[in-house]
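Notes for the one structure printed next.
4 protein chains.
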Amino acid sequence: MEPLKNYPIRFQQDVVWGDMDAFQHVNNTVFFRYFEDSRMAYFEKAGVMEFMQESGKGPILASTQCRFKAPVSYPDRLTLAGRVETMGSDRFVMKYLVFSDKLQRIVAEGEGIVVYYDYQASMKCDIPSAIREAIVTLESECGNQAGGFE
Amino acid sequence: MEPLKNYPIRFQQDVVWGDMDAFQHVNNTVFFRYFEDSRMAYFEKAGVMEFMQESGKGPILASTQCRFKAPVSYPDRLTLAGRVETMGSDRFVMKYLVFSDKLQRIVAEGEGIVVYYDYQASMKCDIPSAIREAIVTLESECGNQAGGFE
Amino acid sequence: MEPLKNYPIRFQQDVVWGDMDAFQHVNNTVFFRYFEDSRMAYFEKAGVMEFMQESGKGPILASTQCRFKAPVSYPDRLTLAGRVETMGSDRFVMKYLVFSDKLQRIVAEGEGIVVYYDYQASMKCDIPSAIREAIVTLESECGNQAGGFE
Amino acid sequence: MEPLKNYPIRFQQDVVWGDMDAFQHVNNTVFFRYFEDSRMAYFEKAGVMEFMQESGKGPILASTQCRFKAPVSYPDRLTLAGRVETMGSDRFVMKYLVFSDKLQRIVAEGEGIVVYYDYQASMKCDIPSAIREAIVTLESECGNQAGGFE
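Protein chains in written order, with our numbering: chain U, 822 to 971; chain L, 822 to 971; chain B, 822 to 971; chain D, 822 to 971.
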């Protein structure tokens, strides 16, 4: 699981039977739920939701994608991983991995672009410095530069 | 579709492929989504959500059940139906039906108990009279007594 | 967690952020997914799915219900529990519990009636004796009579 | 709705209350369900599923992405649209649009790469000519070249 090593978010989640579709594999939409689980875990570690409640500035998912590498089926235990790969002034790019215990391989890779938004002003805004620093710290703890900031 | 006739809420919804599970039938949890769709359509007609925003008094689902009469599969067009069967002082009972166009039969029947709650006071409350009257009107338009009020 | 003690199925599952609805609580349909997770874990322990592949005889969920005792929100860790309470000739009744770590209480209780079906013959059938024995064993290991068979 | 005109698949679907998440907007994963609905409707028109049952050759979703243009909330009526933009020897690229009746604008755009797979041989295969022709016909009916085939 080399490539998972430098992801600040790594946790296990069992595949749920009901997430399989009529083709008897985990449905494609569920992988975006996995990504969301990683994203929310990351946000919690970086204090994103607390900051949003105080300041009215929070993240919006602007786009996301997934490459499906192998079908997943119940029962299996997955490792979900998330990291911030690059940061711009008002946005950052997250990378996600899904690793299957049963298949012993990465079964899906994804990305998401997260934009910062000022809900009071109803417009995009810069990533607040408290959040930016939290992200840099989380990434550097995993040996990442977390940025090559734009 | 005789039995649907006296349901104030009746609308059609196509079965979605991804709602089927690995047994190639619509998953049991989805029927509770269908019930929720009927419940929300009813709430809209009775002004429940608007009243909640003004008054802080709104509905809570206390319990629900479903009897599955026949398996449903994609493609199919369903008729979802909802009505209020009885009202007490602080709660009412909803009945739901799901009718399959393809099978030409009722495929699921359900019930839900909805309790009124005062979110300001953090306690149960009586059904507001505006809501009670709206429900009586909706039901009587379908020839229902909507009550045999407890 | 006294009442969980005599449930053969007990496992933990973290609440997923995306399972909350616009009322900021875990949506009612998700509790039936939790019940399904317990049911599938039970089926696995009792060899239900393997037996079905060999014999063409398997379980069908005939009805299910849930009583919601307290709203659940992210983040939280739930304990999901399942047991077979009574068995008839061609059906058994499962009981489900959902316990919240954060609230330190049972947040939902449910039941489901599972009927045995012979997919070859397209009709109901008796619970196969291998399955019946597996259930009795699982329940007796938790001190349950698992039956008072009808 | 100019841009929808040259999509062979166009159908309406009401937003479901329960598809909103705790941010009170339709959750990001649901847009991939919308895309799947368009894809399945396209597959039905092109005879993809029937051909798969006869031949054992069928489609696999290799990757997908979505750009979220505006948040969607209940109630709303969406138009879901899908088309095949390009075809290679063993794959084609689908484009998806989601148009909001309430906002009168496109709220999401997506893409998916669909690869043909021979389930008997357990390997990728060329798009069967019957399917290729059905796609060309569907696209040309909308004035599309459906290809600029690689």
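For glycine and all other residues, C-beta sits at the position ideal for the given N, C-alpha and C.
What residue range does the beta strand (DSSP E) around residue i cover?
i, result
"A902/U", "R898 to M908"
"M915/B", "R912 to S921"
"Y895/L", "That residue, Y895/L, is in no beta strand (DSSP E); it is neither H nor E in DSSP."
"G879/B", "K878 to F889"
"A929/B", "R926 to D939"
"D835/L", "I830 to D835"
Here's a check: name, in chain order, each residue in its chain whose Cβ is nearer than 7 Å to the Cβ of residue i, leaving out the five neighbours to either side.
i, result
"K923/D", "D897"
"A955/B", "A867 and G868"
"V842/B", "First, the amino acid is wrong: residue 842/B is Asp here, not Val. Here the set comprises N848."
"W838/L", "Y895"
"L882/D", "G933 and V935"
"L959/D", "P829, K866 and A867"
Within the continuous alpha helix (DSSP H) that includes residue i, where are the two ends?
i, result
"I952/D", "S950 to S961"
"K866/U", "N849 to A867"
Which same chain residues end up closer than 6 Å to residue i when comparing Cβ atoms and leaving out the 5 residues on each side of it in sequence?
i, result
"Q833/U", "R898 and T900"
"M873/B", "G879"
"C887/B", "F852, A929 and G931"
"F864/D", "M870"
Would you call residue i buried or exposed, if buried means 16 or more other Cβ atoms sit within 10 Å of its Cβ?
i, result
"M944/U", "exposed"
"E971/B", "Confidence at E971/B is low in this model, with a pLDDT of 45, below 50, so the placement of that residue is unreliable and no value is reported for it."
"R831/D", "buried"
"G969/L", "The pLDDT assigned to G969/L is 49, lower than 50, so where the model puts this residue is not dependable, and the model offers no usable value."
"T885/B", "buried"
"A891/L", "exposed"
"E857/U", "buried"
"P880/B", "buried"
"P824/D", "exposed"
"T850/B", "buried"
Closer than 8 Å to a non-hydrogen atom of the ligand FMN - does that hold for the CB of residue i?
i, result
"G877/U", "The model depicted lacks the ligand FMN and carries no ligand whatsoever."
Give me, in chain order, the residues of the same chain whose beta-carbon lies closer than 8 Å to that of residue i; leave out the 5 immediate sequence neighbours on both sides.
i, result
"G877/L", "D939, Y940 and Q941"
"R926/D", "K890, A891 and F920"
"D947/D", "S910, D911 and Y937"
"Q845/L", "S894"
"V836/B", "V847, V893, S894, Y895, P896, D897, R898 and L899"
"P949/D", "F872, S876, K878 and Y937"
For the putative contact between residue i and residue j, defined by C-beta atoms under 8 Å, what is the C-beta separation to the nearest angstrom?
i, j, result
"R912/D", "N965/D", "Wrong, their Cβ atoms sit about 17 Å apart, outside the cutoff."
"S921/U", "V893/U", "6 Å"
"A929/B", "F889/B", "5 Å"
"Y855/B", "C963/B", "Not really, about 19 Å apart at Cβ, beyond 8 Å."
Check each candidate in the options and name the one with the smallest Cα separation from residue i.
i, options, result
"S961/L", "E865/L, A929/L and E906/L", "E906/L"
"A902/L", "Y917/L, S910/L and G909/L", "Y917/L"
"S910/L", "R953/L, T958/L, L959/L and D835/L", "R953/L"
"D840/L", "H846/D, C887/D and F853/D", "F853/D"
"Y937/L", "V836/L, L959/L, G931/L and M870/L", "M870/L"
"E875/D", "A951/D, V957/D, M908/D and L959/D", "A951/D"
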